[in-house]
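Residue numbers (my numbering), protein chains in the order written: chain A, 101 to 490; chain B, 101 to 490.
There are 2 protein chains.
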Amino acid sequence: MNNFSFKSYTEFVFGKQTEQQVGELCHKYGAKKVLVVYGGGSVVRSGLLQRVEDALQKEHIDFLEMGGIQPNPVDTEVYKGIDTVHDNHIDFLLAVGGGSVIDAAKAIAAGAVYDGDFWDFYCNKAKVEKALPVGVVLTIPAAGSEGSGNSVITKTDGLHKISLRAPEHLRPAFSIMNPELTYTLPNKQTVAGICDMMVHISERYFTNTTEIETGDRICEGLYKAIIEEAPKILKNPKDYDARANIMWAGMVAHNWTSAFGMQECWCSHFMEHEVSAVYNVTHGEGLSVIFPAWLTYMCKHNVHKPYQFAVRVWNVPESDDKEAVALEGVRRLKEFWHSLGLPITFKELGIDKPDIDLLVSKLHENKGGLVGSYMKLSSIETRKIYELAL
Amino acid sequence: MNNFSFKSYTEFVFGKQTEQQVGELCHKYGAKKVLVVYGGGSVVRSGLLQRVEDALQKEHIDFLEMGGIQPNPVDTEVYKGIDTVHDNHIDFLLAVGGGSVIDAAKAIAAGAVYDGDFWDFYCNKAKVEKALPVGVVLTIPAAGSEGSGNSVITKTDGLHKISLRAPEHLRPAFSIMNPELTYTLPNKQTVAGICDMMVHISERYFTNTTEIETGDRICEGLYKAIIEEAPKILKNPKDYDARANIMWAGMVAHNWTSAFGMQECWCSHFMEHEVSAVYNVTHGEGLSVIFPAWLTYMCKHNVHKPYQFAVRVWNVPESDDKEAVALEGVRRLKEFWHSLGLPITFKELGIDKPDIDLLVSKLHENKGGLVGSYMKLSSIETRKIYELAL
Numbered sequence: 101m102n103n104f105s106f107k108s109y110t111e112f113v114f115g116k117q118t119e120q121q122v123g124e125l126c127h128k129y130g131a132k133k134v135l136v137v138y139g140g141g142s143v144v145r146s147g148l149l150q151r152v153e154d155a156l157q158k159e160h161i162d163f164l165e166m167g168g169i170q171p172n173p174v175d176t177e178v179y180k181g182i183d184t185v186h187d188n189h190i191d192f193l194l195a196v197g198g199g200s201v202i203d204a205a206k207a208i209a210a211g212a213v214y215d216g217d218f219w220d221f222y223c224n225k226a227k228v229e230k231a232l233p234v235g236v237v238l239t240i241p242a243a244g245s246e247g248s249g250n251s252v253i254t255k256t257d258g259l260h261k262i263s264l265r266a267p268e269h270l271r272p273a274f275s276i277m278n279p280e281l282t283y284t285l286p287n288k289q290t291v292a293g294i295c296d297m298m299v300h301i302s303e304r305y306f307t308n309t310t311e312i313e314t315g316d317r318i319c320e321g322l323y324k325a326i327i328e329e330a331p332k333i334l335k336n337p338k339d340y341d342a343r344a345n346i347m348w349a350g351m352v353a354h355n356w357t358s359a360f361g362m363q364e365c366w367c368s369h370f371m372e373h374e375v376s377a378v379y380n381v382t383h384g385e386g387l388s389v390i391f392p393a394w395l396t397y398m399c400k401h402n403v404h405k406p407y408q409f410a411v412r413v414w415n416v417p418e419s420d421d422k423e424a425v426a427l428e429g430v431r432r433l434k435e436f437w438h439s440l441g442l443p444i445t446f447k448e449l450g451i452d453k454p455d456i457d458l459l460v461s462k463l464h465e466n467k468g469g470l471v472g473s474y475m476k477l478s479s480i481e482t483r484k485i486y487e488l489a490l
Numbered sequence: 101m102n103n104f105s106f107k108s109y110t111e112f113v114f115g116k117q118t119e120q121q122v123g124e125l126c127h128k129y130g131a132k133k134v135l136v137v138y139g140g141g142s143v144v145r146s147g148l149l150q151r152v153e154d155a156l157q158k159e160h161i162d163f164l165e166m167g168g169i170q171p172n173p174v175d176t177e178v179y180k181g182i183d184t185v186h187d188n189h190i191d192f193l194l195a196v197g198g199g200s201v202i203d204a205a206k207a208i209a210a211g212a213v214y215d216g217d218f219w220d221f222y223c224n225k226a227k228v229e230k231a232l233p234v235g236v237v238l239t240i241p242a243a244g245s246e247g248s249g250n251s252v253i254t255k256t257d258g259l260h261k262i263s264l265r266a267p268e269h270l271r272p273a274f275s276i277m278n279p280e281l282t283y284t285l286p287n288k289q290t291v292a293g294i295c296d297m298m299v300h301i302s303e304r305y306f307t308n309t310t311e312i313e314t315g316d317r318i319c320e321g322l323y324k325a326i327i328e329e330a331p332k333i334l335k336n337p338k339d340y341d342a343r344a345n346i347m348w349a350g351m352v353a354h355n356w357t358s359a360f361g362m363q364e365c366w367c368s369h370f371m372e373h374e375v376s377a378v379y380n381v382t383h384g385e386g387l388s389v390i391f392p393a394w395l396t397y398m399c400k401h402n403v404h405k406p407y408q409f410a411v412r413v414w415n416v417p418e419s420d421d422k423e424a425v426a427l428e429g430v431r432r433l434k435e436f437w438h439s440l441g442l443p444i445t446f447k448e449l450g451i452d453k454p455d456i457d458l459l460v461s462k463l464h465e466n467k468g469g470l471v472g473s474y475m476k477l478s479s480i481e482t483r484k485i486y487e488l489a490l
């Protein structure tokens, strides 16, 4: 087991109508002038943006709006945000949305107090040493960005989609999590989010670090809760408790509570980032295609954890033929995702003939050499995995 | 499900030799003059105290020692600590020990910056509005105080053992968790700690709040990890990974990660506090006597959660006779605790004839009226539960 440190300083305010507290919370964390960052029109149409701004006004907190952040947010939006912060003496970022909006707000928060180009953080040229505080009103449970210190941004020039990790500075000051705000999410987005959080659990769970029962059992508990609750939402999108369980699971999945001294393996995320950078697909749908392919490959080459996953999470009976047990686990996972309406092949994702040459070359270029840690994969192997997803 | 807020701002530094970082961490959290609080001679004999003080000196941080904190720490020690803080301009408390030492340090930290009597916080006369920062070097995984905002102190006059909860101010600034420091813990203390953390999980898990699958599954995962790992420690006290799993489980069990919008029920803890206040027994051993008695009573009167506990945690086959299934779960829990060497009756605890009249009257006097929330128990019912533990 590896040494680790863990500090999750975010204040989570969870439950019905909690967005009404956003003014007080901004005040508590020192906001004088807020940039309200959001995505498409849904937060406008639902009246959420208005309620948020009313709450700010009630606390006499000045603010500006910056809407239009796209899924898979891009560097040009971040540059625009940084300019807005500078021109208007903004001292607090308030993200009203899901992972893309939060990630963009984090990038602006770090970039605005850095002399160089914010992209330096993403391409490992510089470390984040400080950032403006970020608050969150979460509308899409998926990315876990409401509890993490991570941010993923795509550079338009060359389509490099890169994740940054700076937990000391980029965890939100607060995150408001009201499951009611997710009632109107289309099924497509709901299930893509569910897939994303399951893969976040997996990027910890599938590890070569052994004797980590506490972390393993937390991960397995989260998988089981999600498997139990997800279908309830499809049946009744206004099932408050099911929405709430999924929302909290998505946060815990990615705030490192479960990553207990494990070597992590972000291979599926890295492989998917190339897919969504090139084809601009929904991240969670890219993952539901890539992860089962990766896991299938692991059943043959490093069966230990896929076997445990099959037995403990999917209740596959134990057997000496570990590969067969593990593959049955993959089959049940795919079946579950299919039942939610998720694509599990490139074809189902709408990409009949993906440019695998391009994906492989960009992946190994961005990551430099071998990719992953549960298995360190060469370009020959990542090609095979992409092909398994056809 | 209830609304809730959750902010665990403690920095956990986990792993081998991490106590070497204590000087830097004190420095990071602003310590200029530290009061090093500890218990008996074991931290002296093991050389840990010396290593901690060397690390402080290396960072040029001034310090004083305050040893001799007893298990079930008492108000007189807290008053002494507060005087020491005032007389010596202490600005940081460093607890080197287990729950008792940490709880005493927290009481001193809050009392030293309060104009009135610190006991006001414990008897609900005043709220903690501020406290000096507390750091921890953990030597006994049990109480979870290294991650919680709680503190339990006994008033010597009247033997009132009361717990205080002030998560905004009493969570430690940092907690150093090195499993190696627990190698020399006697079995008796190790297993009492394991019992304590299992009951901390239970005080959340046994709730009338329904549809809390994510919280339930995290709790069940923690139980399972502890059941798996505890026997390994008895077999080999220097099993680093088993010690580490238990240590992290004990923290998560009590830092509210799992208490996901649940109504909590601290009945077993309250009932035990009377036992350890009157008979000065080890808290965890008091719990291994009281909790199964409480749970047995619940099997008859509110079987829902005891049934789920039996099925999911102890793998008891499901059946329509829910009470029988639940009671079999209790039997397996008792068997497990017995196998660790824990007492499960007053007699095994060395108290042949407990003064149940006194325990019941003090309990209902301290808590005022009915006790608990999974069931609100009258004095007739708590008497029956104490009797079930004979």
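Glycine included, each C-beta is placed from N, C-alpha and C at the ideal position. Since this is a predicted model, take the numbers as computed values, not measurements.
Could you name the residues of chain C that Glu-320 of chain B contacts, counting a contact when the two beta carbons are closer than 7 Å? Of the chains in the structure shown, none is chain C; the protein chains are A and B.
What alpha helix (DSSP H) runs, 4 residues minimum, are completely inside the stretch 149 to 203 of chain B? 175 to 188
Give me the chain A residues within the contact set of Met-101 of chain B, using Cβ-Cβ distance strictly less than 8 Å, ordered along the chain. In the second sequence, counting from the first residue as 1, residue 101 of chain B sits at position 1. Here the neighbours are Gly-115, Tyr-340, Asp-341, Ala-344.
Could you please give the first and the last residue of the uninterrupted beta strand (DSSP E) stretch that includes Tyr-109 of chain B? For the purposes of this step, residue 109 of chain B is taken as the residue at position 9 of the second sequence. Per DSSP, Tyr-109 of chain B belongs to the beta strand (DSSP E) from 104 to 114.
By the DSSP assignment, the alpha helix (DSSP H) with Gly-235 of chain A in it spans what residues? Numbered from its first residue, the first sequence carries residue 235 of chain A at position 135. Run containing Gly-235 of chain A: none in the alpha helix (DSSP H); it sits in the beta strand (DSSP E), 234 to 238.
In chain order, what residues of the same chain have a beta carbon less than 7 Å from the beta carbon of Pro-279 of chain A, not counting five sequence neighbours either side? To locate residue 279 of chain A, count along the first sequence from 1; it is residue 179. Here the set comprises Tyr-340, Arg-343, Ala-344, Met-347.
Report the start-end ranges of each alpha helix (DSSP H) in the stretch 257 to 301 of chain B that is 4 residues or longer and not cut off at the edges. Runs found: 267 to 270.
With 7 Å set as the bound, which would you pick, yes or no: does the beta-carbon of Glu-280 of chain A sit closer than that to a beta-carbon of chain B? What you label residue 280 of chain A is simply residue 180 of the first sequence in a count that begins at 1. Taking Cβ atoms only, chain B never reaches closer than 7 Å to Glu-280 of chain A, which makes this a no.
Looking only at its chain, what residues have a beta carbon closer than 8 Å to the beta carbon of Glu-481 of chain A, apart from the 5 residues adjacent to it on each side? Here residue 481 of chain A refers to the residue found at position 381 when the first sequence is read from its first residue. These residues qualify, in order along the chain: Tyr-397, Met-475.
Quick check on Leu-46 of chain B: buried or exposed, where buried means 16 or more other Cβ atoms within 10 Å of its Cβ? Absent from the structure is residue 46 of chain B, since the part of chain B shown begins at 101 and ends at 490.
Using a Cβ-Cβ cutoff of 9 Å, what residues of the stretch 176 to 199 of chain A are near chain B? List them in chain order. Those residues of the stretch 176 to 199 of chain A that come within reach of chain B (Cβ to Cβ, closer than 9 Å) do not exist; the list is empty.
Considering only C-alpha positions, which residue in the set B:Met-101, B:Gln-117, B:Glu-159, B:Leu-125 is nearest to Thr-110 of chain B? Counting from one through the second sequence, the residue named residue 110 of chain B turns up at place 10. Nearest option by C-alpha distance: B:Leu-125.
Meets three-Cβ-pair contact criterion under 8 Å: the stretch 317 to 334 of chain A and the stretch 432 to 451 of chain A: yes
Rounded Cβ spacing between Ala-292 of chain A and Pro-233 of chain A (contact assumed at less than 8 Å): Taking the first residue of the first sequence as 1, we reach residue 292 of chain A at position 192. Taking the first residue of the first sequence as 1, we reach residue 233 of chain A at position 133. Their Cβ separation, rounded to whole angstroms, is 29 Å, which puts Ala-292 of chain A and Pro-233 of chain A out of contact at 8 Å.
Close Cβ partners of Leu-164 of chain B (< 8 Å) along its chain, the five nearest in sequence each way excluded: Here residue 164 of chain B refers to the residue found at position 64 of the second sequence. Only Lys-133, Val-134, Leu-135, Val-136, Thr-184, Asn-188, Ile-190 meet the Cβ criterion.
Name the DSSP beta bridge partners of Ile-253 of chain A, please? Start at 1 with the first residue of the first sequence, and residue 253 of chain A comes out as number 153. The partner list for Ile-253 of chain A (beta bridge, DSSP) reads A:Ile-262.
Report the option in B:Val-299, B:Ala-424, B:Pro-417, B:Ala-377 whose CA atom is closest to the CA atom of Ile-327 of chain B. Sequence index remark: in the second sequence, residue 327 of chain B carries index 227 (1-based). Comparing Cα positions, the closest option is B:Val-299.
Quick check for students: name the residue ranges of the alpha helix (DSSP H) that lie wholly in the stretch 318 to 379 of chain A, counting only runs of 4 or more. 340 to 354, 367 to 379
In chain B, what lies closer than 7 Å to Arg-317 of chain A by C-beta? As a working mapping, residue 317 of chain A is identified with position 217 in the first sequence. By Cβ distance, chain B contributes Gly-321, Leu-322, Lys-324, Ala-325.
Cross-chain neighbours of Thr-357 of chain A in chain B, by beta carbon under 8 Å: Counted from its first residue, the first sequence places residue 357 of chain A at position 257. Correct list: Val-352, Thr-357.
CB contact check: Tyr-214 of chain B to chain A, cutoff 7 Å: For this step, residue 214 of chain B is matched to residue 114 along the second sequence. Answer no: the Cβ-Cβ gap between Tyr-214 of chain B and chain A never drops below 7 Å.
If contact means a Cβ-Cβ distance below 9 Å, which residues of the stretch 214 to 234 of chain A contact chain B? none
Please confirm if Thr-314 of chain A has its CB atom under 7 Å from at least one CB of chain B. Here residue 314 of chain A is taken as the residue at index 214 of the first sequence, counted from 1. Yes, contact with chain B.
Considering only their Cβ atoms, is the gap separating Glu-428 of chain A from Val-411 of chain A smaller than 7 Å? To locate residue 411 of chain A, count along the first sequence from 1; it is residue 311. To locate residue 428 of chain A, count along the first sequence from 1; it is residue 328. Taking 7 Å as the Cβ cut-off, Val-411 of chain A and Glu-428 of chain A do not qualify as a contacting pair.
Using a Cβ-Cβ cut-off of 6 Å (strictly less than) and excluding sequence neighbours within five positions of Gly-197 of chain B, which residues of its own chain qualify? By 1-based counting over the second sequence, the position of residue 197 of chain B is 97. Tyr-138, Gly-139, Thr-239.
Please classify Cys-399 of chain B: is it buried, with 16 or more other beta-carbons within 10 angstroms of its beta-carbon, or exposed? Stepping through the second sequence from its first residue, residue 399 of chain B is reached at position 299. Buried: at least 16 other Cβ atoms inside 10 Å.
By the three-class DSSP mapping on this structure, what secondary structure does Lys-133 of chain B have? For the purposes of this step, residue 133 of chain B is identified with residue 33 of the second sequence, where counting begins at 1. Lys-133 of chain B falls in the strand class under three-state DSSP.
Pull up the DSSP beta-bridge partners for Tyr-138 of chain B, would you. Your numbering for residue 138 of chain B matches position 38 in the second sequence. Tyr-138 of chain B is bridged by DSSP to B:Val-196.
On a Cα-Cα basis, can you pick out the residue from B:Thr-256, B:Lys-227, B:Gly-235, B:Leu-281 that is closest to Leu-264 of chain B? Translated into the one-based positions of the second sequence, residue 264 of chain B becomes position 164. Of B:Thr-256, B:Lys-227, B:Gly-235, B:Leu-281, the residue nearest in Cα terms is B:Lys-227.
Let me check understanding here. Comparing Cα to Cα, which of B:Met-362, B:Tyr-179, B:Gln-408 lies closest to Thr-256 of chain B? Within the second sequence, numbered from 1, the residue matching residue 256 of chain B stands at position 156. Of the candidates B:Met-362, B:Tyr-179, B:Gln-408, the one whose C-alpha sits nearest the C-alpha of Thr-256 of chain B is B:Tyr-179.
For the pair the stretch 360 to 371 of chain A and the stretch 380 to 397 of chain A, tell me if three or more CB-CB distances fall below 8 Å. yes
Would you kindly check if the distance between the Cβ of Leu-270 of chain A and the Cβ of Gly-249 of chain A is under 7 Å? Position 149 of the first sequence, counted from the start, is the residue given in the question as residue 249 of chain A. Position 170 of the first sequence, counted from the start, is the residue given in the question as residue 270 of chain A. Going by C-beta atoms, Gly-249 of chain A is nearer than 7 Å to Leu-270 of chain A.
Within-7 Å CB hit, Lys-405 of chain B to chain A: As a working mapping, residue 405 of chain B is identified with position 305 in the second sequence. Not an interface residue.
Taking DSSP as the reference, what is the three-state secondary structure of Leu-463 of chain A? Looking up residue 463 of chain A in the first sequence gives position 363. Of the three classes helix, strand and coil, the one that applies to Leu-463 of chain A here is helix, per DSSP.
Distance between Pro-267 of chain A and Ala-205 of chain B (C-alpha atoms, nearest Å): Your numbering for residue 205 of chain B matches position 105 in the second sequence. Your numbering for residue 267 of chain A matches position 167 in the first sequence. Note on geometry: alpha-carbon atoms of Ala-205 of chain B and Pro-267 of chain A lie some 28 Å from one another.
Mapping DSSP to helix, strand and coil, what is Val-228 of chain A? For the purposes of this step, residue 228 of chain A is taken as residue 128 along the first sequence, with counting starting at 1. It is coil, neither helix nor strand.
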